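Protein chains in written order, with my numbering: chain A, 135 to 427; chain Z, 8 to 78.
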Amino acid sequence: MNAYNMDANIPVIFRTYKSREPHLNCKIWEAARATSATPAFFKHIEIGRVQPFIDGGLGLNNPSRVVLDEAKRLFGARHIGCLVSIGTGHAEMISIKKSRGFHHIAQANIFDALKAITSDCEATHEAMLGLFAKLPITYFRLNVDHGMQGIKLSEWERLGNVEAHTANYMRKNEFEDKLASLVNVMRVPRAQITIEQLSEQRCLYSKFNIVTQIIVYPASPGPVHEPTRRQTERKLCPPPVASFIGQNDILNKMCTYFDSDSMSQHIFVLYGLGGAGKSQLAYKFIEQYKSKR
Amino acid sequence: MLGRLRMDVETAIKHYDVLAKHVFSHPKRWRGDGRFKATRLEEAVKAMVNETTGNSESLLLDQNEATYCRT
């Protein structure tokens, strides 16, 4: 839930819980009004010391980034379980028929505003895909892909159609697979990286990718549920390219190192220029090491 | 609705139907400040909050510390 403060143009988060940030002491209905004050639909609202609010729809209709930042502030040191983003249908869903004549100008404004909203949603989705590219089965975007075209935002009489299209989307095979893995992740959270590490990664992506760090868990006799978890994690590691050749000295070094004490976590740093083959070397090692056991 | 008001999904959908009908079935004739009347939206939300919490002016901050859902 977020809205923009019109003067400062920064998002304001309405929270139902206490946090370290200053809290707006507002009522439920005020928050509801502020977060639905899309300019073309409702007028803005003033809360507290006369701060006009407009809905975040203008620039933040997909609040994934804001949620991640908030989660970092609240639970930064915890492992990230999953991020589920639910959309309101695909781009054309919020299309409005342009009418001729008297209301034409007002309608055109609404149309442009809504177009901006949808493109913003997709851009954020793309950014999230990039951020979670190396963390499989963590980011989920659920969004009815088609059928919603032509249903106007305010057509409450057609909520039945919306329901039907949604049910249709949920019956698709790819959706069922997605839902199954989502339920799985929620029931058995996998410890991958913490939220803080994820946001550091966000910074790292923009710099040169010089150091690749790999962490390999020793296959020690642990609690019963652990081996299965590790097996699935290993399955997710891609194989090296077929033409991989050489590097035996480093592979042997890694092997000796990871074998040295099987009871603790090991970190082995591979460094080199971009394109030197760090990732391939790591994949090769994992492949070899796996088959050794 | 799901978070602060702790509705289950079915109740939330029911309330949304009522709310959408109340708000969107009366577009404004003169669209100076948005197409729909904000007062109708306020009425509908207040009625819903009153029905759920017993007070239409309930605060957004949840006083129950054992709260499950942060929204």
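We treat Cβ as the ideally placed atom computed from N, Cα and C, and that holds for glycine.
None of the values given here were measured: they were computed from a predicted structure.
Short check: CB of residue i to CB of residue j, under 9 Å?
| i | j | result |
| --- | --- | --- |
| Tyr-273/A | Leu-68/Z | no |
| Ala-54/Z | Ser-63/Z | yes |
| Phe-176/A | Ala-45/Z | yes |
| Glu-155/A | Ile-179/A | no |
| Leu-276/A | Val-218/A | yes |
| Ala-171/A | Phe-187/A | yes |
| His-213/A | Thr-328/A | yes |
| Glu-289/A | Phe-31/Z | yes |
| Ala-168/A | Leu-48/Z | no |
| Glu-421/A | Pro-373/A | yes |
| Leu-293/A | Asp-40/Z | no |
| Thr-60/Z | Met-14/Z | no |
| Ile-401/A | Arg-324/A | no |
| Gly-221/A | Asn-196/A | yes |
| Tyr-423/A | Lys-412/A | no |
| Met-304/A | Leu-316/A | no |
Just to check my reading of the structure: residue i and residue j have Cβ atoms closer than 8 Å, yes? What is that Cβ distance to the nearest angstrom?
| i | j | result |
| --- | --- | --- |
| Leu-12/Z | Lys-161/A | Leu-12/Z to Lys-161/A, Cβ: 13 Å. No contact. |
| Val-384/A | Leu-415/A | Per the sequence shown, residue 384/A should be read as Ile rather than Val. That belief holds up - the Cβ atoms of Ile-384/A and Leu-415/A are roughly 6 Å apart, short of 8 Å. |
| Met-282/A | Gly-215/A | In fact, because the Cβ distance is near 29 Å, the residues do not count as touching under 8 Å. |
| Val-278/A | His-299/A | 6 Å |
| Ala-174/A | Arg-42/Z | 6 Å |
| Ser-443/A | Thr-258/A | Outside the displayed range of chain A (135 to 427) lies residue 443/A, so it cannot be described from this structure. |
Would you identify the three-state DSSP class for residue i, choosing helix, strand or coil?
| i | result |
| --- | --- |
| Arg-292/A | helix |
| Tyr-351/A | Note that Tyr-351/A has pLDDT 38, beneath the 50 cutoff, so the model's placement of it is unreliable and the number below is only indicative. Correct three-state label for Tyr-351/A: coil. |
| Lys-177/A | coil |
| Phe-266/A | coil |
| Arg-275/A | strand |
| Ile-20/Z | helix |
| Phe-43/Z | strand |
| Thr-300/A | helix |
| Ser-170/A | coil |
| Thr-328/A | strand |
| Tyr-151/A | coil |
| Lys-161/A | strand |
| Ala-29/Z | The residue you asked about is not Ala; residue 29/Z is His in the sequence shown. Three-state result, His-29/Z: helix. |
| Val-322/A | coil |
| Met-8/Z | coil |
| Thr-366/A | Low confidence applies here, because Thr-366/A scores a pLDDT of 43, under 50, leaving its location unreliable; read the following figure in that light. Three-state result, Thr-366/A: helix. |
| His-400/A | strand |
| Pro-361/A | For Pro-361/A, the predicted model reports a pLDDT of 41, less than 50, meaning its position is unreliable and no value from the coordinates is stated. |
| His-280/A | coil |
| Ser-315/A | helix |
| Ile-230/A | Note on Ile-230/A: pLDDT 43, under 50, position unreliable in the model; the coordinate value appears next. Three-state DSSP puts Ile-230/A in coil, outside helix and strand. |
| Val-146/A | strand |
| Ser-333/A | helix |
| Phe-187/A | strand |
| Val-218/A | strand |
| Lys-48/Z | Residue identity check: residue 48/Z is Leu in the sequence provided, not Lys. If DSSP states are grouped into helix, strand and coil, Leu-48/Z belongs with the helices. |
| Leu-66/Z | strand |
By the criterion of Cβ-Cβ separation under 7 Å, what are the contact partners of residue i in chain Z?
| i | result |
| --- | --- |
| Lys-268/A | The contacting residues do not exist; Lys-268/A stays about 27 Å from chain Z at best. |
| Lys-161/A | Glu-64, Ser-65, Leu-66 and Leu-67 |
| His-157/A | Leu-68 |
| Ala-174/A | Gly-41 and Arg-42 |
| Leu-407/A | Within 7 Å Cβ-Cβ: nothing; Leu-407/A doesn't reach chain Z, min ~44 Å. |
What residues from chain A crowd round residue i, counting only those whose CB sits closer than 9 Å?
| i | result |
| --- | --- |
| Asp-15/Z | Here the premise fails: no neighbours, minimum Cβ distance about 17 Å. |
Under 8 Å between beta-carbons, which chain A residues line up against residue i? List them in chain order, please.
| i | result |
| --- | --- |
| Leu-9/Z | Result: empty, since nearest Cβ-Cβ is about 11 Å, beyond 8 Å. |
| Lys-21/Z | Residues of chain A passing the Cβ test: none, with the nearest at roughly 11 Å. |
| Lys-53/Z | Trp-163 |
Find the residues of chain Z that neighbour residue i, judging by a C-beta separation of less than 8 Å, and give them in chain order.
| i | result |
| --- | --- |
| Lys-206/A | By Cβ distance, chain Z contributes nothing, its closest Cβ being about 14 Å from Lys-206/A, past 8 Å. |
| Lys-177/A | Asp-40, Gly-41 and Ala-45 |
Find the residues of chain A that neighbour residue i, judging by a C-beta separation of less than 7 Å, and give them in chain order.
| i | result |
| --- | --- |
| Glu-49/Z | Trp-163 and Arg-167 |
| Lys-28/Z | Trp-290 |
For a contact meaning CB atoms closer than 9 Å, what does residue i contact in chain Z?
| i | result |
| --- | --- |
| Phe-148/A | Leu-67 and Thr-78 |
Next on the checklist: Does the contact criterion of 3 or more C-beta pairs under 8 Å hold for the segment 415 to 425 of chain A versus the segment 8 to 23 of chain Z?
Outcome noted: Contact fails: fewer than three Cβ-Cβ distances are below 8 Å.
Checklist entry - Is there contact here, the segment 254 to 270 of chain A with the segment 204 to 213 of chain A, by at least three beta-carbon pairs under 8 Å? => result With a cut-off of 8 Å, the segment 204 to 213 of chain A and the segment 254 to 270 of chain A do not count as touching, because too few Cβ pairs lie within range.
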